[in-house]
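Encoded as structure tokens, the structure appears first; notes follow it.
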Amino acid sequence: MNPFNIGFPSLILILVLFLILFGPNKLPELGRSVGLTMKEFKKSTRDLISDTEGTSQTENSKNGDHRKG
Numbered sequence: 822m823n824p825f826n827i828g829f830p831s832l833i834l835i836l837v838l839f840l841i842l843f844g845p846n847k848l849p850e851l852g853r854s855v856g857l858t859m860k861e862f863k864k865s866t867r868d869l870i871s872d873t874e875g876t877s878q879t880e881n882s883k884n885g886d887h888r889k890g
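Each residue of the sequence shown is one higher than the one before, counting from 822 in the numbering used here.
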């Protein structure tokens with residue numbers, strides 16, 4: 822059983838609980854914060870991957886290996 826397999830009723834329950842806990846005024850701010858955090862995480866991941874690929878290509882050229890990848 823997949824732990825992330827939640828159905829529609831469970832999702833509604835979670836959303837209602839968030840609404841009760843944080844209130845309608847705080848939810849947009851909370852959603853914005855989560856969105857910005859995810860955006861920054863994706864950007865950092867892309868930067869890390871491109872840095873790793875650049876380092877690997879630099880090491881290959883230093884070793885005389887001119888193949889890509």
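Virtual Cβ for every residue (Gly too), placed ideally from N, Cα, C.
Between Phe-862 and Leu-848, the beta carbon gap of about 21 Å keeps them out of contact (Cβ cut-off 8 Å). In this structure, Phe-843 lies away from Leu-832, with their beta-carbon atoms at least 8 Å apart. In the structure shown, Phe-862 falls within a helical segment according to DSSP collapsed to helix, strand and coil.
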